[in-house]
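The sequence shown begins at 84 in the numbering used here and counts up one residue at a time. Backbone N, C-alpha and C define an ideal beta-carbon position, used for all residues, glycine too. To keep things clear, I will list the structure first and then write my remarks on it.
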Amino acid sequence: MPLSRREFLIDSLASGFLFPGGKDQRKQAGFPFRHGIASGDPLTDAIILWTRISPDGDRDLVPYRWVVATDRSLQGIVASGEGLASAERDFTVKHDVRGLLPGKTYFYAFYARGHWSDTGRFRTLPEGNVDHLRLAFTSCSNYAAGYFNVYRELSHRHDLDVVLHLGDYIYEYANIEESLASGRVNEPLGETVSLEDYRARHACYKADKDLQAVHRQHAFIAIWDDHEVANNAWQGGAANHSMMQGEWGQRLSAAVQAYYEWMPVREISHTGRLALYRGYRFGNLLDLSVLDTRLAGRDAPAETPDAINAEERTLLGAEQEAWLETRLASAQQEGVTWKLLGQQVMMAQFGLSEQPFNYDQWDGYPAARRRIFDCIRRHNVENFGVLTGDIHSGWAMTLNDDPFTSIDTPIGFELVTPAVTSPGISNKTTAALAGSSLMQVMPHLEFIDFYYRGFVLLDITHEHLQAEWWVVNRVDSPRYDSACMKALRLKRGEYRYIESQPVKPATSSIELADFSEDLSYLRNWSAGEELAATDMIAALHSGN
(Lines of atoms letter the chains of each structure in order from A and count residues from 1; the text may use other names and numbers.)
(Lines give C-alpha, C1' and ligand atoms only; values in the text may rest on other atoms or scores of the structure.)
Protein backbone atom coordinates (compact mmCIF):
# COMPACT_ATOMS: atom_id res chain seq x y z
CA MET A 1 0.00 0.00 0.00
CA PRO A 2 1.39 3.47 -0.86
CA LEU A 3 2.68 5.43 2.11
CA SER A 4 1.43 8.90 2.79
CA ARG A 5 3.98 11.69 2.92
CA ARG A 6 3.36 12.04 6.68
CA GLU A 7 3.72 8.31 7.39
CA PHE A 8 6.98 8.04 5.49
CA LEU A 9 8.40 11.19 7.08
CA ILE A 10 7.65 9.93 10.60
CA ASP A 11 9.28 6.60 9.78
CA SER A 12 12.26 8.32 8.21
CA LEU A 13 12.85 10.70 11.08
CA ALA A 14 12.70 7.81 13.51
CA SER A 15 15.53 6.10 11.64
CA GLY A 16 17.55 9.23 10.87
CA PHE A 17 16.51 8.99 7.19
CA LEU A 18 15.89 12.52 5.84
CA PHE A 19 14.68 13.80 2.48
CA PRO A 20 17.19 15.13 -0.01
CA GLY A 21 18.37 18.63 0.65
CA GLY A 22 19.61 19.40 -2.87
CA LYS A 23 22.49 18.57 -5.16
CA ASP A 24 25.06 20.19 -2.86
CA GLN A 25 25.09 16.97 -0.83
CA ARG A 26 27.07 15.31 -3.62
CA LYS A 27 30.02 17.57 -2.85
CA GLN A 28 30.23 16.48 0.78
CA ALA A 29 32.94 14.09 1.86
CA GLY A 30 32.07 10.41 1.82
CA PHE A 31 29.34 10.53 -0.84
CA PRO A 32 28.50 6.81 -1.19
CA PHE A 33 26.78 6.83 -4.62
CA ARG A 34 29.89 7.40 -6.71
CA HIS A 35 28.69 4.94 -9.37
CA GLY A 36 25.29 6.50 -9.87
CA ILE A 37 21.86 4.91 -9.89
CA ALA A 38 19.98 3.02 -12.58
CA SER A 39 16.66 1.42 -13.45
CA GLY A 40 15.96 -1.39 -15.86
CA ASP A 41 13.76 -4.19 -17.17
CA PRO A 42 10.49 -2.23 -16.90
CA LEU A 43 7.21 -4.13 -16.89
CA THR A 44 3.67 -2.76 -16.76
CA ASP A 45 3.76 -2.94 -12.95
CA ALA A 46 7.44 -3.31 -12.02
CA ILE A 47 10.99 -1.98 -12.35
CA ILE A 48 14.49 -3.01 -11.27
CA LEU A 49 16.26 -0.31 -9.23
CA TRP A 50 20.06 -0.46 -8.93
CA THR A 51 22.89 1.34 -7.20
CA ARG A 52 26.22 0.73 -5.55
CA ILE A 53 26.89 2.01 -2.06
CA SER A 54 30.60 2.58 -1.53
CA PRO A 55 31.53 1.25 1.92
CA ASP A 56 33.09 3.39 4.65
CA GLY A 57 36.27 1.72 5.89
CA ASP A 58 36.24 -2.04 6.42
CA ARG A 59 32.52 -2.47 7.00
CA ASP A 60 31.02 -5.60 5.43
CA LEU A 61 27.42 -4.37 5.62
CA VAL A 62 25.97 -0.94 4.80
CA PRO A 63 22.29 -0.17 5.54
CA TYR A 64 20.32 1.81 2.97
CA ARG A 65 16.80 2.74 1.97
CA TRP A 66 15.06 3.54 -1.31
CA VAL A 67 11.89 5.34 -2.40
CA VAL A 68 9.75 5.52 -5.54
CA ALA A 69 7.47 8.51 -6.03
CA THR A 70 5.21 10.09 -8.63
CA ASP A 71 7.09 13.40 -8.63
CA ARG A 72 10.70 14.56 -8.91
CA SER A 73 10.68 16.06 -5.41
CA LEU A 74 9.76 12.62 -3.99
CA GLN A 75 6.68 13.87 -2.20
CA GLY A 76 4.15 11.37 -3.57
CA ILE A 77 5.79 8.15 -2.36
CA VAL A 78 4.21 4.96 -3.69
CA ALA A 79 6.87 2.41 -2.65
CA SER A 80 9.84 2.25 -0.30
CA GLY A 81 12.11 -0.28 1.30
CA GLU A 82 15.42 -0.93 2.97
CA GLY A 83 18.27 -3.38 2.90
CA LEU A 84 21.92 -4.09 3.57
CA ALA A 85 24.61 -3.73 0.91
CA SER A 86 27.26 -6.40 1.39
CA ALA A 87 30.75 -7.22 0.24
CA GLU A 88 29.36 -10.50 -1.11
CA ARG A 89 27.80 -8.57 -4.03
CA ASP A 90 30.48 -5.89 -4.21
CA PHE A 91 28.11 -3.53 -2.34
CA THR A 92 25.76 -3.37 -5.33
CA VAL A 93 22.03 -3.57 -4.61
CA LYS A 94 18.98 -4.32 -6.75
CA HIS A 95 15.29 -4.21 -5.96
CA ASP A 96 12.42 -5.55 -8.08
CA VAL A 97 9.76 -2.97 -7.23
CA ARG A 98 6.21 -4.23 -7.85
CA GLY A 99 2.71 -2.79 -7.68
CA LEU A 100 3.28 0.15 -10.04
CA LEU A 101 0.83 1.47 -12.63
CA PRO A 102 1.27 0.91 -16.39
CA GLY A 103 2.49 3.62 -18.75
CA LYS A 104 3.45 6.00 -15.97
CA THR A 105 6.57 8.05 -15.16
CA TYR A 106 8.06 7.55 -11.70
CA PHE A 107 11.03 8.98 -9.80
CA TYR A 108 13.31 7.23 -7.32
CA ALA A 109 16.31 7.72 -5.05
CA PHE A 110 18.46 5.86 -2.53
CA TYR A 111 19.67 6.93 0.92
CA ALA A 112 22.74 5.62 2.76
CA ARG A 113 25.46 6.82 5.13
CA GLY A 114 23.74 10.18 5.63
CA HIS A 115 23.48 11.00 1.92
CA TRP A 116 20.79 10.94 -0.75
CA SER A 117 21.62 9.74 -4.22
CA ASP A 118 20.65 11.73 -7.28
CA THR A 119 17.02 11.37 -8.33
CA GLY A 120 16.30 9.06 -11.25
CA ARG A 121 13.26 8.54 -13.44
CA PHE A 122 11.71 5.69 -15.43
CA ARG A 123 8.53 4.77 -17.26
CA THR A 124 6.63 1.55 -16.80
CA LEU A 125 5.45 -0.29 -19.90
CA PRO A 126 2.01 0.63 -21.22
CA GLU A 127 -0.81 -1.84 -21.67
CA GLY A 128 -3.98 -2.08 -23.73
CA ASN A 129 -4.40 0.19 -26.74
CA VAL A 130 -1.11 2.06 -27.27
CA ASP A 131 -0.91 4.63 -30.07
CA HIS A 132 2.71 5.77 -29.94
CA LEU A 133 6.12 4.73 -28.63
CA ARG A 134 9.58 6.17 -28.89
CA LEU A 135 12.62 4.10 -27.92
CA ALA A 136 16.32 4.22 -28.71
CA PHE A 137 18.91 1.47 -29.09
CA THR A 138 22.68 1.43 -29.17
CA SER A 139 25.67 -0.79 -28.32
CA CYS A 140 29.46 -1.07 -28.09
CA SER A 141 30.61 1.44 -25.48
CA ASN A 142 34.37 1.06 -25.12
CA TYR A 143 35.50 3.40 -22.31
CA ALA A 144 39.08 3.72 -23.55
CA ALA A 145 38.00 4.47 -27.13
CA GLY A 146 36.50 7.87 -26.31
CA TYR A 147 33.98 9.97 -24.44
CA PHE A 148 30.43 8.75 -23.94
CA ASN A 149 28.92 11.67 -25.87
CA VAL A 150 26.25 9.36 -27.28
CA TYR A 151 25.06 8.61 -23.76
CA ARG A 152 24.96 12.34 -23.05
CA GLU A 153 22.74 12.84 -26.10
CA LEU A 154 20.43 10.04 -24.99
CA SER A 155 20.14 11.65 -21.56
CA HIS A 156 18.82 14.80 -23.29
CA ARG A 157 15.99 12.86 -24.95
CA HIS A 158 13.18 13.21 -22.45
CA ASP A 159 10.76 11.77 -25.02
CA LEU A 160 11.96 8.15 -24.82
CA ASP A 161 9.98 5.33 -23.26
CA VAL A 162 13.06 3.13 -22.80
CA VAL A 163 16.68 2.65 -23.95
CA LEU A 164 17.70 -0.72 -25.37
CA HIS A 165 21.40 -1.60 -25.03
CA LEU A 166 22.37 -4.49 -27.29
CA GLY A 167 25.64 -5.47 -25.71
CA ASP A 168 29.33 -4.71 -25.32
CA TYR A 169 28.38 -2.44 -22.44
CA ILE A 170 31.92 -2.97 -21.17
CA TYR A 171 35.06 -4.26 -22.91
CA GLU A 172 37.47 -6.77 -21.43
CA TYR A 173 40.57 -5.54 -23.28
CA ALA A 174 43.44 -3.69 -21.66
CA ASN A 175 43.22 -1.08 -24.49
CA ILE A 176 46.54 0.55 -23.55
CA GLU A 177 47.03 2.32 -26.88
CA GLU A 178 43.45 3.57 -26.95
CA SER A 179 43.78 4.85 -23.38
CA LEU A 180 46.96 6.74 -24.27
CA ALA A 181 45.18 8.36 -27.21
CA SER A 182 41.95 9.25 -25.41
CA GLY A 183 43.23 9.86 -21.89
CA ARG A 184 40.53 7.52 -20.57
CA VAL A 185 42.35 4.81 -18.65
CA ASN A 186 40.70 1.52 -17.82
CA GLU A 187 40.54 0.01 -14.36
CA PRO A 188 42.12 -2.45 -14.00
CA LEU A 189 44.95 -1.55 -16.36
CA GLY A 190 45.22 -5.06 -17.75
CA GLU A 191 42.68 -7.35 -19.35
CA THR A 192 39.77 -8.51 -17.18
CA VAL A 193 39.98 -12.18 -16.18
CA SER A 194 39.02 -12.57 -12.50
CA LEU A 195 35.86 -11.57 -10.64
CA GLU A 196 37.73 -8.65 -9.09
CA ASP A 197 38.83 -7.55 -12.58
CA TYR A 198 35.31 -7.55 -14.00
CA ARG A 199 33.92 -5.76 -10.97
CA ALA A 200 36.60 -3.07 -11.26
CA ARG A 201 35.88 -2.63 -15.00
CA HIS A 202 32.15 -2.22 -14.38
CA ALA A 203 32.95 0.29 -11.64
CA CYS A 204 35.22 2.22 -14.01
CA TYR A 205 32.43 2.55 -16.57
CA LYS A 206 29.73 3.37 -14.02
CA ALA A 207 31.87 6.25 -12.67
CA ASP A 208 31.50 8.05 -16.02
CA LYS A 209 29.25 11.12 -15.71
CA ASP A 210 27.59 10.68 -19.09
CA LEU A 211 26.74 7.05 -18.44
CA GLN A 212 25.33 8.04 -15.06
CA ALA A 213 23.25 10.76 -16.73
CA VAL A 214 21.56 8.44 -19.20
CA HIS A 215 20.85 5.87 -16.48
CA ARG A 216 19.23 8.56 -14.33
CA GLN A 217 17.04 9.67 -17.20
CA HIS A 218 15.87 6.35 -18.69
CA ALA A 219 15.20 2.76 -17.81
CA PHE A 220 17.47 0.36 -19.71
CA ILE A 221 16.71 -2.99 -21.28
CA ALA A 222 20.18 -4.50 -21.56
CA ILE A 223 21.56 -7.73 -22.99
CA TRP A 224 25.17 -8.84 -23.08
CA ASP A 225 27.27 -9.55 -26.16
CA ASP A 226 30.77 -11.01 -26.17
CA HIS A 227 32.96 -8.28 -24.66
CA GLU A 228 31.19 -8.44 -21.32
CA VAL A 229 33.15 -11.71 -21.12
CA ALA A 230 35.74 -11.96 -23.95
CA ASN A 231 35.83 -11.35 -27.69
CA ASN A 232 33.79 -13.86 -29.76
CA ALA A 233 32.61 -15.67 -26.65
CA TRP A 234 30.32 -18.70 -26.49
CA GLN A 235 29.63 -21.08 -23.61
CA GLY A 236 32.68 -23.20 -24.36
CA GLY A 237 35.32 -20.55 -24.92
CA ALA A 238 36.28 -17.35 -26.71
CA ALA A 239 38.72 -16.14 -29.34
CA ASN A 240 40.22 -13.81 -26.74
CA HIS A 241 40.97 -16.43 -24.10
CA SER A 242 44.02 -18.61 -23.65
CA MET A 243 45.06 -21.26 -21.15
CA MET A 244 47.55 -18.73 -19.78
CA GLN A 245 44.51 -16.86 -18.42
CA GLY A 246 43.23 -19.84 -16.49
CA GLU A 247 40.18 -22.06 -16.88
CA TRP A 248 37.51 -20.67 -19.22
CA GLY A 249 34.65 -21.73 -16.99
CA GLN A 250 35.98 -19.69 -14.09
CA ARG A 251 36.41 -16.60 -16.26
CA LEU A 252 32.91 -17.00 -17.70
CA SER A 253 31.40 -17.40 -14.24
CA ALA A 254 33.24 -14.33 -12.95
CA ALA A 255 32.10 -12.16 -15.86
CA VAL A 256 28.46 -13.25 -15.56
CA GLN A 257 28.44 -12.72 -11.78
CA ALA A 258 29.85 -9.20 -12.14
CA TYR A 259 27.32 -8.42 -14.88
CA TYR A 260 24.38 -9.43 -12.71
CA GLU A 261 25.79 -7.46 -9.79
CA TRP A 262 26.45 -4.26 -11.71
CA MET A 263 23.60 -4.12 -14.25
CA PRO A 264 19.90 -3.23 -13.68
CA VAL A 265 18.66 -6.52 -15.13
CA ARG A 266 16.12 -8.92 -13.70
CA GLU A 267 17.71 -12.26 -12.85
CA ILE A 268 15.40 -14.75 -14.53
CA SER A 269 15.25 -18.16 -12.88
CA HIS A 270 13.70 -20.27 -15.63
CA THR A 271 16.45 -19.74 -18.23
CA GLY A 272 19.53 -20.11 -16.04
CA ARG A 273 22.24 -17.54 -15.44
CA LEU A 274 23.88 -18.06 -18.83
CA ALA A 275 20.68 -17.29 -20.76
CA LEU A 276 19.39 -13.75 -20.41
CA TYR A 277 16.76 -13.76 -23.18
CA ARG A 278 13.36 -12.31 -22.26
CA GLY A 279 10.40 -10.42 -23.72
CA TYR A 280 8.50 -7.15 -23.30
CA ARG A 281 4.99 -6.23 -24.42
CA PHE A 282 4.08 -2.60 -25.12
CA GLY A 283 0.31 -3.01 -25.27
CA ASN A 284 -1.05 -3.81 -28.72
CA LEU A 285 1.64 -1.77 -30.49
CA LEU A 286 4.92 -3.64 -29.98
CA ASP A 287 6.21 -7.01 -28.87
CA LEU A 288 9.97 -6.93 -28.20
CA SER A 289 11.93 -10.17 -27.81
CA VAL A 290 15.47 -9.65 -26.51
CA LEU A 291 17.67 -12.54 -27.63
CA ASP A 292 20.87 -13.98 -26.24
CA THR A 293 23.02 -14.97 -29.22
CA ARG A 294 26.16 -15.45 -27.09
CA LEU A 295 25.85 -17.64 -24.03
CA ALA A 296 22.42 -19.27 -24.11
CA GLY A 297 23.08 -21.86 -26.82
CA ARG A 298 25.62 -20.77 -29.42
CA ASP A 299 27.52 -23.63 -31.01
CA ALA A 300 31.29 -23.44 -31.29
CA PRO A 301 32.76 -21.52 -34.24
CA ALA A 302 33.10 -23.72 -37.34
CA GLU A 303 35.80 -23.60 -39.97
CA THR A 304 34.67 -25.83 -42.85
CA PRO A 305 31.67 -25.31 -45.18
CA ASP A 306 30.14 -28.63 -44.14
CA ALA A 307 30.32 -27.72 -40.45
CA ILE A 308 28.97 -24.19 -41.02
CA ASN A 309 26.01 -25.48 -43.06
CA ALA A 310 25.09 -28.37 -40.75
CA GLU A 311 21.33 -28.49 -40.21
CA GLU A 312 21.61 -28.93 -36.44
CA ARG A 313 23.83 -25.88 -36.05
CA THR A 314 22.34 -23.27 -33.67
CA LEU A 315 23.03 -19.73 -32.53
CA LEU A 316 20.24 -19.53 -29.93
CA GLY A 317 19.92 -23.08 -28.67
CA ALA A 318 16.82 -25.26 -28.96
CA GLU A 319 15.11 -23.87 -25.85
CA GLN A 320 15.48 -20.25 -26.92
CA GLU A 321 14.33 -21.05 -30.46
CA ALA A 322 11.18 -22.69 -29.09
CA TRP A 323 10.58 -19.77 -26.73
CA LEU A 324 10.93 -17.29 -29.58
CA GLU A 325 8.54 -19.18 -31.85
CA THR A 326 5.89 -19.27 -29.13
CA ARG A 327 6.33 -15.58 -28.47
CA LEU A 328 6.13 -14.51 -32.11
CA ALA A 329 3.10 -16.72 -32.76
CA SER A 330 1.30 -15.33 -29.71
CA ALA A 331 2.02 -11.72 -30.65
CA GLN A 332 0.62 -12.29 -34.13
CA GLN A 333 -2.48 -14.09 -32.87
CA GLU A 334 -3.13 -11.39 -30.27
CA GLY A 335 -3.01 -8.62 -32.86
CA VAL A 336 0.15 -6.84 -31.77
CA THR A 337 1.18 -4.62 -34.69
CA TRP A 338 5.00 -4.72 -34.63
CA LYS A 339 7.14 -7.72 -33.71
CA LEU A 340 10.80 -6.84 -33.11
CA LEU A 341 13.87 -8.77 -32.00
CA GLY A 342 16.63 -6.99 -30.10
CA GLN A 343 19.85 -8.96 -30.53
CA GLN A 344 23.59 -8.74 -31.01
CA VAL A 345 24.95 -9.87 -34.38
CA MET A 346 23.80 -9.12 -37.90
CA MET A 347 21.07 -11.45 -39.19
CA ALA A 348 21.02 -10.34 -42.83
CA GLN A 349 23.61 -11.76 -45.23
CA PHE A 350 26.83 -9.70 -45.14
CA GLY A 351 29.28 -10.21 -47.99
CA LEU A 352 29.19 -11.42 -51.55
CA SER A 353 26.83 -13.99 -53.00
CA GLU A 354 29.03 -16.98 -52.22
CA GLN A 355 31.37 -15.46 -49.64
CA PRO A 356 30.14 -14.13 -46.26
CA PHE A 357 32.58 -11.79 -44.54
CA ASN A 358 31.94 -12.65 -40.88
CA TYR A 359 31.09 -16.11 -39.57
CA ASP A 360 30.60 -14.81 -36.03
CA GLN A 361 27.26 -13.40 -37.26
CA TRP A 362 24.20 -15.34 -38.41
CA ASP A 363 26.10 -16.07 -41.64
CA GLY A 364 28.08 -18.60 -39.59
CA TYR A 365 24.81 -20.29 -38.55
CA PRO A 366 22.70 -20.38 -41.76
CA ALA A 367 20.47 -23.28 -40.64
CA ALA A 368 19.52 -21.35 -37.50
CA ARG A 369 18.62 -18.33 -39.64
CA ARG A 370 16.47 -20.49 -41.94
CA ARG A 371 14.56 -21.82 -38.93
CA ILE A 372 13.79 -18.25 -37.81
CA PHE A 373 12.58 -17.33 -41.31
CA ASP A 374 10.51 -20.52 -41.55
CA CYS A 375 8.94 -19.64 -38.19
CA ILE A 376 7.97 -16.20 -39.52
CA ARG A 377 6.26 -17.76 -42.53
CA ARG A 378 4.68 -20.61 -40.58
CA HIS A 379 2.85 -18.23 -38.26
CA ASN A 380 2.27 -15.48 -40.84
CA VAL A 381 4.12 -13.00 -38.65
CA GLU A 382 3.64 -9.50 -40.04
CA ASN A 383 5.64 -6.32 -39.48
CA PHE A 384 8.71 -8.24 -38.33
CA GLY A 385 12.03 -6.53 -37.71
CA VAL A 386 15.43 -7.08 -36.12
CA LEU A 387 17.41 -4.52 -34.11
CA THR A 388 21.15 -5.22 -34.06
CA GLY A 389 24.39 -3.92 -32.53
CA ASP A 390 27.95 -5.30 -32.51
CA ILE A 391 29.39 -4.07 -35.81
CA HIS A 392 30.19 -0.39 -34.94
CA SER A 393 28.29 1.03 -37.91
CA GLY A 394 24.79 2.01 -39.07
CA TRP A 395 22.80 -0.14 -41.51
CA ALA A 396 19.28 -0.61 -42.90
CA MET A 397 18.48 -3.81 -44.79
CA THR A 398 15.69 -6.15 -45.74
CA LEU A 399 15.72 -9.78 -44.60
CA ASN A 400 15.55 -12.35 -47.40
CA ASP A 401 16.15 -16.06 -47.86
CA ASP A 402 18.79 -15.28 -50.50
CA PRO A 403 19.02 -11.59 -51.41
CA PHE A 404 21.54 -12.34 -54.15
CA THR A 405 18.83 -14.32 -55.96
CA SER A 406 15.74 -12.22 -55.22
CA ILE A 407 14.63 -9.40 -52.91
CA ASP A 408 11.02 -9.36 -54.13
CA THR A 409 9.47 -10.96 -51.03
CA PRO A 410 11.29 -9.83 -47.88
CA ILE A 411 10.61 -11.63 -44.62
CA GLY A 412 11.31 -8.53 -42.53
CA PHE A 413 13.78 -5.72 -42.00
CA GLU A 414 16.96 -5.17 -40.00
CA LEU A 415 18.23 -1.95 -38.43
CA VAL A 416 21.78 -1.74 -37.08
CA THR A 417 22.98 0.89 -34.62
CA PRO A 418 26.33 2.67 -34.65
CA ALA A 419 28.53 2.26 -31.59
CA VAL A 420 28.74 4.54 -28.57
CA THR A 421 32.52 4.83 -28.91
CA SER A 422 33.96 1.70 -30.56
CA PRO A 423 35.42 2.63 -33.95
CA GLY A 424 34.18 1.51 -37.33
CA ILE A 425 36.37 2.88 -40.14
CA SER A 426 38.19 5.89 -38.70
CA ASN A 427 39.00 7.59 -42.01
CA LYS A 428 35.90 9.32 -43.36
CA THR A 429 36.84 8.95 -47.04
CA THR A 430 37.70 5.27 -46.65
CA ALA A 431 34.46 4.70 -44.74
CA ALA A 432 32.44 6.30 -47.55
CA LEU A 433 34.19 4.21 -50.20
CA ALA A 434 33.61 1.00 -48.26
CA GLY A 435 29.95 1.80 -47.82
CA SER A 436 29.54 2.68 -51.49
CA SER A 437 31.19 -0.58 -52.52
CA LEU A 438 28.85 -2.64 -50.37
CA MET A 439 25.81 -0.81 -51.75
CA GLN A 440 26.84 -2.08 -55.20
CA VAL A 441 27.10 -5.74 -54.24
CA MET A 442 24.42 -6.18 -51.53
CA PRO A 443 20.99 -5.72 -53.15
CA HIS A 444 19.16 -5.87 -49.81
CA LEU A 445 21.18 -2.99 -48.35
CA GLU A 446 19.34 0.35 -48.15
CA PHE A 447 21.69 2.44 -46.02
CA ILE A 448 25.15 2.09 -44.48
CA ASP A 449 27.61 4.30 -42.61
CA PHE A 450 30.94 3.08 -41.22
CA TYR A 451 32.19 6.34 -39.75
CA TYR A 452 29.92 7.93 -37.13
CA ARG A 453 29.03 6.84 -33.60
CA GLY A 454 25.49 7.21 -32.33
CA PHE A 455 22.18 5.50 -31.69
CA VAL A 456 18.98 4.62 -33.54
CA LEU A 457 15.73 6.22 -32.45
CA LEU A 458 12.49 4.40 -33.29
CA ASP A 459 9.27 6.37 -33.57
CA ILE A 460 6.47 3.79 -33.68
CA THR A 461 2.75 4.05 -34.40
CA HIS A 462 0.28 1.48 -35.74
CA GLU A 463 0.76 2.92 -39.23
CA HIS A 464 4.53 3.33 -39.39
CA LEU A 465 7.90 2.61 -37.84
CA GLN A 466 10.47 5.35 -38.38
CA ALA A 467 14.17 4.77 -37.74
CA GLU A 468 16.49 7.74 -37.20
CA TRP A 469 20.28 7.43 -36.99
CA TRP A 470 21.38 10.15 -34.53
CA VAL A 471 25.16 10.54 -34.48
CA VAL A 472 27.88 12.63 -32.84
CA ASN A 473 30.72 14.14 -34.83
CA ARG A 474 33.47 13.14 -32.38
CA VAL A 475 34.26 11.08 -29.30
CA ASP A 476 37.85 12.25 -28.75
CA SER A 477 36.57 15.22 -26.75
CA PRO A 478 33.52 16.01 -24.60
CA ARG A 479 32.96 19.00 -26.91
CA TYR A 480 30.87 17.68 -29.77
CA ASP A 481 27.85 18.26 -31.95
CA SER A 482 25.00 15.94 -32.84
CA ALA A 483 22.58 15.52 -35.73
CA CYS A 484 20.25 13.06 -37.41
CA MET A 485 22.25 11.52 -40.24
CA LYS A 486 19.43 9.46 -41.76
CA ALA A 487 15.70 8.91 -41.30
CA LEU A 488 13.87 6.02 -42.96
CA ARG A 489 10.22 5.03 -42.59
CA LEU A 490 8.50 1.67 -42.99
CA LYS A 491 4.75 1.55 -43.46
CA ARG A 492 2.68 -1.11 -41.78
CA GLY A 493 2.46 -4.20 -43.96
CA GLU A 494 5.36 -3.15 -46.21
CA TYR A 495 9.11 -3.79 -46.21
CA ARG A 496 10.07 -0.84 -48.37
CA TYR A 497 12.17 1.97 -46.88
CA ILE A 498 10.96 5.54 -47.46
CA GLU A 499 13.15 8.61 -46.95
CA SER A 500 11.77 10.75 -44.14
CA GLN A 501 12.48 13.73 -41.92
CA PRO A 502 13.63 13.26 -38.31
CA VAL A 503 11.42 14.02 -35.37
CA LYS A 504 13.51 16.44 -33.30
CA PRO A 505 13.36 16.15 -29.53
CA ALA A 506 10.61 18.42 -28.24
CA THR A 507 12.56 19.33 -25.10
CA SER A 508 15.80 20.33 -26.86
CA SER A 509 16.77 23.96 -27.35
CA ILE A 510 19.85 22.99 -29.39
CA GLU A 511 19.85 23.34 -33.17
CA LEU A 512 21.07 19.98 -34.51
CA ALA A 513 20.90 20.66 -38.24
CA ASP A 514 24.58 20.20 -39.00
CA PHE A 515 28.00 19.45 -37.53
CA SER A 516 29.19 23.03 -37.06
CA GLU A 517 32.14 23.11 -34.66
CA ASP A 518 31.69 26.76 -33.71
CA LEU A 519 31.01 26.91 -29.98
CA SER A 520 29.05 23.66 -30.17
CA TYR A 521 30.59 22.55 -26.89
CA LEU A 522 29.04 25.57 -25.15
CA ARG A 523 25.59 24.62 -26.38
CA ASN A 524 25.94 21.03 -25.32
CA TRP A 525 27.58 21.63 -21.95
CA SER A 526 24.89 24.08 -20.90
CA ALA A 527 22.06 21.83 -22.06
CA GLY A 528 22.42 19.28 -19.27
CA GLU A 529 21.09 20.58 -15.97
CA GLU A 530 22.49 17.55 -14.17
CA LEU A 531 26.10 18.54 -14.86
CA ALA A 532 27.43 20.50 -11.92
CA ALA A 533 28.86 23.95 -12.67
CA THR A 534 32.20 22.99 -11.12
CA ASP A 535 32.44 20.01 -13.46
CA MET A 536 31.70 22.19 -16.48
CA ILE A 537 34.33 24.76 -15.53
CA ALA A 538 36.91 22.06 -14.93
CA ALA A 539 36.18 20.51 -18.31
CA LEU A 540 36.44 23.80 -20.15
CA HIS A 541 39.83 24.49 -18.57
CA SER A 542 41.21 20.99 -18.96
CA GLY A 543 42.31 21.43 -22.55
CA ASN A 544 39.91 18.74 -23.73
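Residue i - partner residues in DSSP beta bridges
i	result
F220	L247 and V539
G203	Y191
S372	G362 and L424
H178	L132
R572	Q549 and I581
L184	Looking at the DSSP assignment, L184 forms no beta bridge with any residue, so it has no partner.
S565	V555
I304	L247
E274	E274 pairs with nothing; no bridge assigned.
G164	W149
I490	Paired residue(s): none; I490 is not in a bridge.
Coil, strand or helix - residue i by DSSP
i	result
Y342	helix
G105	Since pLDDT at G105 reaches only 45, below the 50 mark, its modelled position is unreliable, and the value read off the structure follows with that caveat. Reduced to three states, the DSSP call for G105 is coil.
F426	Residue identity differs from the one stated: residue 426 is Gln in this sequence, not Phe. It is a strand residue.
Q438	strand
L132	strand
V213	coil
T127	coil
D484	coil
G45	Only positions 84 to 627 of the chain appear in the structure, and residue 45 is not among them; the question remains open.
S325	coil
G507	coil
V558	coil
R240	coil
E330	coil
E171	helix
I455	helix
L498	strand
A227	helix
A316	coil
S336	helix
Rounded Cβ spacing between residue i and residue j (contact assumed at less than 8 Å)
i	j	result
R196	D139	6 Å
V276	Q328	5 Å
A337	L278	4 Å
G434	E402	G434 to E402, Cβ: 30 Å. No contact.
H215	D251	30 Å between Cβ atoms; not a contact.
H178	G159	Contact doesn't hold; Cβ gap of about 19 Å is too wide.
W553	E236	7 Å
R217	D242	5 Å
A228	E261	5 Å
E551	P585	5 Å
E193	F116	Looking at the sequence shown, residue 193 is not Glu but Phe. Rounded, the Cβ-Cβ distance is 7 Å, consistent with contact.
Host alpha helix (DSSP H) of residue i (start-end)
i	result
W412	As written in the sequence, residue 412 is Ala, which differs from the Trp given in the question. First-last of the alpha helix (DSSP H) with A412: A401 to Q416.
L263	I259 to S265
D389	P388 to I391
L157	Per DSSP, L157 belongs to no alpha helix (DSSP H) and is neither H nor E.
E279	L278 to K289
Assigned exposure category for residue i - 16 Cβ within 10 Å defines buried
i	result
E344	buried
I351	exposed
H248	buried
R453	exposed
L294	buried
D141	exposed
T134	buried
P388	exposed
G576	exposed
V150	buried
S592	With a pLDDT of only 36 at S592, under 50, the local geometry of the prediction cannot be trusted, and no value is derived from it.
E255	buried
F538	buried
E394	exposed
G113	exposed
S489	exposed
N510	exposed
Q438	exposed
G119	buried
I259	exposed
N556	buried
A405	exposed
E386	exposed
Enclosing beta strand (DSSP E) for residue i [first to last residue]
i	result
A152	L144 to A152
L357	Per DSSP, L357 belongs to no beta strand (DSSP E) and is neither H nor E.
A514	Element bounds for A514: not the beta strand (DSSP E) but the alpha helix (DSSP H), K511 to V524.
V297	Taken as a continuous stretch (DSSP letters only), V297 belongs to no beta strand (DSSP E), being part of the alpha helix (DSSP H) at K292 to Q300.
A385	No beta strand (DSSP E) contains A385, which DSSP labels as neither H nor E.
D643	The structure shown has nothing for residue 643, since the chain only spans 84 to 627.
T471	F467 to T471
Contact test: residue i Cβ vs the ligand ATP heavy atom, cutoff 7 Å
i	result
R461	In terms of ligand content, the structure shown is empty, and the ligand ATP therefore cannot be addressed.
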